[in-house]
Ligand code: FNR
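Residue numbers (the working numbering): 31 to 422.
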């Protein structure tokens with residue numbers, strides 16, 4: 031019997047790993063390590079958490095078809111999405127204020143992703159400027175997530191900076207134009223931006239300071255008074271109040287990079303956005319952090335894929351925890367998936383090394399599942415790999 035991935039053999043060879051392998055154990059270890067407000071910020075969800083729980087539960091409604099006829103061909107989980115080559119069909123989802131998890135923050139995430147051969151989608155709200163994050167992992171192929179500012183010059187500046195710094199795609203944040211109701215954040219009255227987290231891309235942008243009416247004395251965090259004023263301005267300009275499919279033409283006129291829209295769950299919106307020029311769609315409900323009583327993101331995936339009809343890649347996130355979850359999403363039509371909380375937990379436990387552990391584990395488990403369902407690449411996955419698992 032061959033171990034299908036090299037990470038398993040490495041762990042057995044090393045006599046173990048400093049990190050847990052199960053998603054629940056990883057979360058628990060991060061809970062023990064982090065302050066209550068940091069852990070609740072990361073782990074929390076909207077309202078009672080019904081959407082977040084639905085996201086996880088949706089996967090258990092599918093069974094995978096196990097196959098015995100096989101050929102001696104190595105399994106290769108690599109995919110290429112919009113020109114970016116990925117050693118596995120899993121990217122790191124944009125997640126803000128990663129320095130709450132670990133001081134290595136986004137730079138650690140970028141390094142961990144690059145080590146395993148995949149990409150970080152850098153959140154708009156980071157501790158370090160996007161240029162520094164790209165420079166921290168020179169072999170990486172990062173994407174940038176745009177929060178389309180109410181101030182058009184600021185939005186354009188961020189897009190231009192990302193393109194210049196080597197980011198390979200823009201992921202437009204579609205699903206966070208209004209604040210979700212998150213009781214676990216409220217219980218600590220913890221708004222990280224007020225404490226100096228998350229505004230690295232804004233504090234490094236001259237247009238932002240022009241809006242704030244202040245000239246910073248140098249790079250780095252502004253002093254307390256300037257920061258208080260800056261956070262207030264940021265709150266006003268962070269996102270624009272409206273978004274229509276026609277707006278994509280404006281964004282496309284600013285850049286040659288492909289543009290994906292994240293947070294799409296409604297097939298008719300997906301169809302409109304593709305017709306308006308979106309180069310990719312990300313099915314996501316923000317990990318259940320925005321709207322309680324929401325439909326599980328996985329349950330939206332088949333209809334969105336049908337509406338997109340292969341015209342552009344479809345990515346998926348919200349609830350992916352295992353390699354078999356990745357396989358289910360791909361069999362339902364996704365071209366690749368993203369993980370959110372799991373990489374933040376890995377980061378919390380070991381910086382870049384912890385992120386690489388999470389990705390290597392997913393890669394091995396996915397590669398094993400791909401092989402055992404009779405595949406050598408992701409391209410042949412289809413609905414025929416899935417059977418309804420029945421009530422759980
Ligand atoms: C997020 N997410 C997110 N999404 C986004 O578009 N921009 C952002 O800045 C953030 N920030 C953020 C912070 C934290 C702490 C979390 C946990 C998540 C959502 C993220 O991109 C992704 O959609 C979900 O995390 C996916 O769900 P799972 O994998 O966490 O279940």
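No residue lacks a Cβ here, since even glycine has one placed at the ideal position from N, Cα and C.
Alpha helix (DSSP H) containing residue 236: first to last residue?
236-242 is the span of the alpha helix (DSSP H), which, as asked, contains residue 236.
Could you compute how far the alpha carbon of residue 344 sits from the alpha carbon of residue 113?
If I take the Cα positions, the gap works out to 14 Å.
Let me know if residue 120 comes out buried or exposed under the rule of 16 or more other beta-carbons within 10 Å of its beta-carbon.
Answer is buried; the Cβ neighbour count reaches 16.
With 16 other CB atoms within 10 Å as the buried threshold, where does residue 216 fall?
The residue in question, residue 216, is exposed, as its Cβ has fewer than 16 Cβ neighbours within 10 Å.
What is the residue span of the alpha helix (DSSP H) that residue 140 lies within?
Taken as a continuous stretch (DSSP letters only), the alpha helix (DSSP H) holding residue 140 covers 135-146.
May I have the straight-line CA-CA distance separating residue 353 from residue 245, to the nearest angstrom?
C-alpha separation (whole angstroms): 48 Å.
Since residue 338 sits in a beta bridge, which residues does DSSP pair it with?
In the DSSP output, where bridge partners are listed per residue, residue 338 has none listed.
Quick check: the segment 313-329 against the segment 79-95, are at least 3 beta-carbon pairs closer than 8 Å?
A contact exists between the segment 79-95 and the segment 313-329.
Here's the rule: buried if 16 or more other CB atoms are within 10 angstroms of the residue's CB, otherwise exposed. What is residue 320?
Flag for residue 320 reads buried.
Output the boundary residues of the alpha helix (DSSP H) element that contains residue 425.
Here the chain covers residues 31 to 422 and nothing more, so residue 425 does not appear.
Please look up how many angstroms separate the CB atoms of residue 403 and residue 94, rounded, as I've assumed it's under 8 Å.
Contact holds; Cβ gap of about 6 Å.
Under 7 Å between the Cβ atoms of residue 313 and residue 291?
No.
Would you list, in sequence order, the uninterrupted alpha helix (DSSP H) runs of no fewer than 4 residues that lie entirely inside the segment 298-362?
Segments of the alpha helix (DSSP H) lying fully in the segment 298-362: 327-338, 353-361.
What does the Cβ neighbour count give for residue 421, buried or exposed, with the cut at 16 atoms within 10 Å?
In this prediction, residue 421 scores a pLDDT of 49, lower than 50, which makes its location untrustworthy; the coordinate-derived value is nonetheless stated afterwards. So residue 421 ends up on the exposed side.
How is residue 167 classed by DSSP in three states: helix, strand or coil?
Coil at residue 167, not helix or strand.
Are the segment 34-43 and the segment 260-280 touching by the rule of at least three beta carbon pairs closer than 8 Å?
Verdict: no, contact absent.
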